[in-house]
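Worksheet for the structure shown next.
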Amino acid sequence: MIYDKIENIGRYDLLSPVKEFDFSNYEKGKFGISGDEFFGIGLEYDTRNEADCLWEAHRSYLDVHCILEGEELVHITDITNTTVTKEYDAAGDYALFNGTKEHAIHLKKGMFLVLYPNEVHQTAVVTESVSSVKKIVFKIKVA
């Protein structure tokens, strides 16, 4: 996991494709940048109660969550501390889990979070009050 301000993204060599992205080119839904190696997903939603949020993990891509508006909690745990509720879907690059948070990251506007394949995560969790979130999840191929 890496957690930092978007303005510092250039410090991380692995994230150089994100550094080059012009955030004013935000678009909702999946959008291509560099084929299957690097793409983005523009998301907009209201945060929800923890019980209404899914635990997920990926195998082939890093997730780079960049918050453009709003705030959310992201719960994280290692995959060894979970049980699978939906087997891995290779086409969608995800599996679903039951888990218990080991870490809670408070993501706010201007922040980013990198999640690796072993880091099962639960996003869109409400903070003190419901927030409308606008973010881009960049996908960087690792496998």
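Counting from 55, one number per residue, gives the positions in the sequence shown under our numbering. Here a beta-carbon is modelled for each residue, glycine too, at the ideal position from N, C-alpha and C. In this text the structure is predicted, and so the values were computed from the model without any measurement.
Checklist entry - What are the residues that DSSP puts in a beta bridge with residue 132? => result The secondary-structure analysis by DSSP pairs residue 132 across a beta bridge with 173.
Item to check | Whether residue 174 touches residue 121 by CB criterion (7 Å) | outcome: With contacts defined as CB atoms closer than 7 Å, residue 174 and residue 121 fail to qualify as a contacting pair.
Item to check | Whether residue 123 touches residue 73 by CB criterion (7 Å) | outcome: No, Cβ-Cβ distance for residue 123 and residue 73 is not below 7 Å.
Checklist entry - With respect to the beta strand (DSSP E) encompassing residue 70, which residues constitute its N-terminal and C-terminal limits? => result Per DSSP, residue 70 lies in no beta strand (DSSP E) segment; the continuous alpha helix (DSSP H) that holds it begins and ends at 70-73.
Next on the checklist: I believe residue 63 touches residue 190 by the beta-carbon criterion, under 8 Å. Please report the beta-carbon distance rounded to the nearest angstrom.
Outcome noted: In this structure, residue 63 and residue 190 do not form a Cβ contact; the two beta carbons are roughly 12 Å apart against a cut-off of 8 Å.
Item to check | Residue nearest to residue 157 in terms of C-alpha spacing, selected from 142, 135, 84 | outcome: Measuring C-alpha to C-alpha distances from residue 157 to each of 142, 135, 84 identifies 135 as the nearest.
Next on the checklist: Buried or exposed, going by whether 16 or more other CB atoms sit within 10 Å of the CB of residue 15?
Outcome noted: The requested residue 15 does not occur in the structure, where the chain is confined to residues 55 to 197.
Checklist entry - What's the call for residue 177, buried or exposed, on a 16-neighbour Cβ count within 10 Å? => result Only buried fits residue 177, as 16 or more other CB atoms lie within 10 angstroms of its CB.
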